[in-house]
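Colleague: Below: one structure in C-alpha cells.
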Amino acid sequence: MLLGSVLSAQPPEGVKYKIKGKNLSLGISYDAAKLDSVLESIGFTRDLMDSLVKVNNCQYVSESGWEFIGTFDSVCVFNKPLNKLAGRNSSGIELFVVDNDKSNRFEYETRAFTNRTFFANSFESKHRQPVKGNTFTVWLPGHKNVRHVYLSGTFNNWSMQSNPLHLTDSGWVGTINLKPGVYAYKFIKDGDWMTDPLNKHIELDPSGYTNSVMAVPNHTFELSGYDAYKNVNLAGTFTEWDEVPMDKTPWGWKKDVYLKEGVYSYKFVGDGSWFLDPANSHTQTTHDGYVNSVLMKGEALMLKLDGHQDAGEVLVAGDFNNWAWGELKMQKQDWGWELPYIFSEGNYQLGFRVDGRFRLSSYYPLIKGKNTNNLLTVHPNHTFLLKGYADSKQVTLTGSFINWSEPGIYMQRTADGWKLDMYMPKGKHLYKFIVNKRTWILDPEGLWEENEYGTGNSILWME
Numbered sequence: 004m005l006l007g008s009v010l011s012a013q014p015p016e017g018v019k020y021k022i023k024g025k026n027l028s029l030g031i032s033y034d035a036a037k038l039d040s041v042l043e044s045i046g047f048t049r050d051l052m053d054s055l056v057k058v059n060n061c062q063y064v065s066e067s068g069w070e071f072i073g074t075f076d077s078v079c080v081f082n083k084p085l086n087k088l089a090g091r092n093s094s095g096i097e098l099f100v101v102d103n104d105k106s107n108r109f110e111y112e113t114r115a116f117t118n119r120t121f122f123a124n125s126f127e128s129k130h131r132q133p134v135k136g137n138t139f140t141v142w143l144p145g146h147k148n149v150r151h152v153y154l155s156g157t158f159n160n161w162s163m164q165s166n167p168l169h170l171t172d173s174g175w176v177g178t179i180n181l182k183p184g185v186y187a188y189k190f191i192k193d194g195d196w197m198t199d200p201l202n203k204h205i206e207l208d209p210s211g212y213t214n215s216v217m218a219v220p221n222h223t224f225e226l227s228g229y230d231a232y233k234n235v236n237l238a239g240t241f242t243e244w245d246e247v248p249m250d251k252t253p254w255g256w257k258k259d260v261y262l263k264e265g266v267y268s269y270k271f272v273g274d275g276s277w278f279l280d281p282a283n284s285h286t287q288t289t290h291d292g293y294v295n296s297v298l299m300k301g302e303a304l305m306l307k308l309d310g311h312q313d314a315g316e317v318l319v320a321g322d323f324n325n326w327a328w329g330e331l332k333m334q335k336q337d338w339g340w341e342l343p344y345i346f347s348e349g350n351y352q353l354g355f356r357v358d359g360r361f362r363l364s365s366y367y368p369l370i371k372g373k374n375t376n377n378l379l380t381v382h383p384n385h386t387f388l389l390k391g392y393a394d395s396k397q398v399t400l401t402g403s404f405i406n407w408s409e410p411g412i413y414m415q416r417t418a419d420g421w422k423l424d425m426y427m428p429k430g431k432h433l434y435k436f437i438v439n440k441r442t443w444i445l446d447p448e449g450l451w452e453e454n455e456y457g458t459g460n461s462i463l464w465m466e
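Counting the sequence shown from 1 gives a position; our numbering is that position plus 3.
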C-alpha cells in the first residue's frame with residue numbers, strides 16, 4: 004500500500020492521517036482525545052456517528068466533504084479527496100500534503116511499474132490464469148465472515164472503494180480490465196489491507212509496505228519442441244540475464260510476459276544449456292564474442308548523422324545500449340548516415356564515432372555536463388517555454404531530472420522566445436533556465452518553491 008504523509012500541528016492522540024491514492028484517509032479512535040471537537044471539525048457529531056454505526060456502517064458525506072467509510076476495530080474511518088482539502092479546519096489543525104512524499108510515490112511508481120522493462124506473472128497453481136487478454140480476475144479464497152472486500156492498486160490510484168469484490172461459494176471474486184503493463188495491488192478486507200495470497204510476487208515499496216505485483220502481458224516467447232528437457236528458462240538483457248522459468252505446453256514451451264518497447268538480446272536455457280531462439284534469425288555478437296538472439300519490439304526511429312561521406316565506418320551508441328561502441332553500425336546514404344532503432348518513451352543521450360573520432364549530429368539538441376552529447380527525446384509529453392530573451396545568444400534548461408548538469412540542454416530559438424520538447428515521467432521535477440551560460444532564472448510563468456540558496460526553483464508536476 005503506497006502511503007503519503009500528512010503533517011499537522013500534532014493531531015490529538017487517537018487521530019491518524021494517511022494518504023491513499025488521491026484521498027486523505029482519517030482514522031479517529033472512539034477513545035480519542037478531544038473526540039467531539041475533531042468530529043465537529045469534519046462535519047460530524049458523536050450522536051450522528053452513533054446512528055451511522057448502528058445502521059451497519061452506512062456511508063455518509065458531510066457538508067465539508069468528508070465521507071464516512073465505516074468502523075474497524077473501534078476506529079472510525081473517513082475519506083476526503085486531496086484536491087478538496089482546506090488549508091485549516093475549524094479545530095485549528097492545519098493540514099498540508101508533504102510534496103516530497105508525493106514526489107517519491109510518483110517516482111517509485113514510474114520506475115517500478117510505468118517504466119518497468121519486463122515482468123512475468125507468478126501465481127499459485129490453483130489460480131494459474133488470472134489474466135486473460137486485458138482482464139484481471141482476482142480471487143480471495145475464504146473470508147466468508149467478512150462484510151466488504153475491495154481491490155485497490157496503482158490501476159485505480161489506490162482507491163479504497165472503486166473496485167468492490169463479490170462473495171461467492173469459494174470466496175471473494177472480481178474482475179478489472181487493464182491495459183498491458185505492470186501493476187501493484189492489495190485487497191482491503193473490512194478496512195484491513197492484505198496482499199494476494201495466491202500471488203507469489205510480493206514487493207516492498209519505499210514506505211516499507213508490501214504489495215502484490217502483476218502484469219497484463221503484451222508479448223509471448225515461444226519455443227517449439229525440446230520435449231526432452233525437464234526445464235526451459237528464458238534469460239536476456241530485459242532480466243539482466245536472470246533466468247525465468249517457461250511454461251510447458253503440448254507443443255513445447257512458452258512464456259507470456261510484459262515487455263516494454265526496445266531492443267533486447269536473449270537466449271533460452273534448457274536444463275542448464277544455453278541456446279539461441281531457433282525461430283528468430285536476428286542475432287548480435289557482443290564485443291566479447293557471445294552470439295545472442297535479438298528481439299526488436301516497437302516502432303523503429305531513424306538515427307541520423309549528416310555529412311561524412313568519405314568515412315569508412317560510422318558507429319552510434321548511447322545510454323540506451325550502455326555506450327557499447329561497435330554494436331550499432333550505421334548505413335551510408337546520399338546525404339549522410341542512418342540506422343533504424345527501437346526506443347521506448349524517454350530521453351536518451353547519444354553520440355557518433357566517425358572512423359574512430361567522436362562526433363555529434365545536427366539533428367538533435369545538445370546536452371552538456373561533464374561530457375557533451377546529443378539528446379534524443381522519444382514521445383515528448385511536455386514543452387518547456389521561455390518567452391522573450393530575443394537578444395540572448397543561447398538559453399539552456401537544467402534541473403533535477405539531469406542532476407543539475409551545467410549548462411544543461413540547449414533550447415531552440417522561436418519567433419517569440421525559446422522552447423524544448425521533453426519526455427517527463429510522473430512526479431515532481433525542479434528546473435531553471437540558464438541565459439548566456441551565466442544567468443540562472445526561474446520560469447516566469449511557472450510554479451516555484453524556495454531552495455537552500457534562497458534563489459528558488461521552478462516546479463513541474465507530471466501526473
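Every residue, glycine too, gets a C-beta built ideally from N, C-alpha and C. Small disclaimer: the values here were computed from a predicted structure and weren't measured.
1. Tell me, please, whether the segment 168 to 175 touches the segment 206 to 224 by the rule of three or more beta-carbon pairs shorter than 8 Å.
2. If contact is defined by three or more beta carbon pairs under 8 Å, each pair taking one atom from either stretch, is the segment 388 to 406 in contact with the segment 429 to 438?
3. So, under 8 Å CB-CB, glycine 1 and asparagine 377 are touching, yes? Tell me the CB distance rounded to an integer number of Å.
4. Start and end of the alpha helix (DSSP H) containing serine 40?
5. Is it buried or exposed for tryptophan 161, if we count other Cβ within 10 angstroms and need 16 for buried?
6. Could you tell me which uninterrupted beta strand (DSSP E) segments, each at least 3 residues in length, are contained entirely in the segment 122 to 163, listed from first to last along the chain?
7. Hey, aspartate 310 and glycine 339: beta-carbon distance below 8 Å or not?
8. Can you grab the Cα-Cα spacing for the pair glycine 90 / glutamate 225, in whole Å?
9. Can you look up alanine 320 in the DSSP assignment and give me helix, strand or coil?
10. Kindly identify the DSSP beta-bridge partner or partners of proline 84.
11. So, are the CB atoms of tyrosine 188 and alanine 238 less than 8 Å apart?
12. Between the beta-carbon of leucine 369 and the beta-carbon of leucine 400, is there less than 8 Å?
13. Does the segment 195 to 214 come into contact with the segment 242 to 250, if we say contact requires no fewer than three beta-carbon pairs (one atom in each stretch) closer than 8 Å?
14. How big is the Cα-Cα spacing for lysine 19 and valine 80?
15. Return the bridge partner residues of serine 461 from the DSSP annotation.
16. What residue from Leu463, Trp256, Thr138, Asp208 has the CA that sits closest to asparagine 384's CA?
17. In the DSSP assignment, find the unbroken beta strand (DSSP E) run with isoleucine 344 in it and report its ends.
18. Does the contact criterion of 3 or more C-beta pairs under 8 Å hold for the segment 279 to 296 versus the segment 334 to 349?
19. Could you tell me which residues DSSP puts in a beta bridge with aspartate 250?
20. Express the C-alpha separation of glutamate 453 and asparagine 2 in angstroms, rounding to a whole number.
21. Apply the 10 Å Cβ neighbour rule to alanine 282 and answer buried if 16 or more other Cβ atoms are within range, or exposed otherwise.
22. Which class does serine 296 belong to by DSSP, given the choice of helix, strand or coil?
23. Using the three-state DSSP reduction, which class does phenylalanine 47 fall into: helix, strand or coil?
24. Sort out for me which residues DSSP pairs tryptophan 407 with in a bridge.
25. With H, G and I counted as helix, E and B as strand and the rest as coil, what does DSSP make of alanine 282?
Modeller: The structure says:
1. These segments do not touch.
2. With the cut-off at 8 Å, the segment 429 to 438 and the segment 388 to 406 touch.
3. This structure gives no information on residue 1, because the portion of the chain shown stretches from 4 to 466.
4. Counting along the chain, the alpha helix (DSSP H) containing serine 40 begins and ends at 38 to 44.
5. Buried.
6. Runs of beta strand (DSSP E) with 3 or more residues, each lying fully within the segment 122 to 163, are found at 138 to 144, 152 to 156, listed in chain order.
7. Here the sequence assigns glycine to residue 310, which means aspartate is not the residue at that position. Here glycine 310 is near glycine 339, since their CB atoms are less than 8 Å apart.
8. At glycine 90 the pLDDT is 41, less than 50, meaning the model places this residue with poor confidence and gives no usable figure here.
9. Here alanine 320 sits in strand by DSSP.
10. Proline 84 pairs with Asn26.
11. Going by C-beta atoms, tyrosine 188 is not nearer than 8 Å to alanine 238.
12. No, Cβ-Cβ distance for leucine 369 and leucine 400 is not below 8 Å.
13. Below 8 Å, too few C-beta pairs join the segment 195 to 214 and the segment 242 to 250 to call them touching: fewer than three.
14. Lysine 19 and valine 80: Cα-Cα distance of roughly 10 Å.
15. Tyr434, Trp451, per the DSSP bridge assignment.
16. Asparagine 384 has its Cα closest to that of Leu463, out of Leu463, Trp256, Thr138, Asp208.
17. Note that residue 344 is tyrosine in the sequence shown, not isoleucine. 339 to 345 is the span of the beta strand (DSSP E), which, as asked, contains tyrosine 344.
18. The segment 279 to 296 vs the segment 334 to 349: no contact.
19. Under DSSP, aspartate 250 takes part in a beta bridge, and its partners are Lys257.
20. Examination of residue 2 is not possible in this model, given that the chain is present from 4 through 466 alone.
21. Exposed is the call here.
22. DSSP, read as helix, strand or coil, puts serine 296 in strand.
23. DSSP places phenylalanine 47 in the coil class of the three-state scheme, outside both helix and strand.
24. By DSSP's assignment, tryptophan 407 forms no beta bridge with any residue.
25. It is coil, neither helix nor strand.
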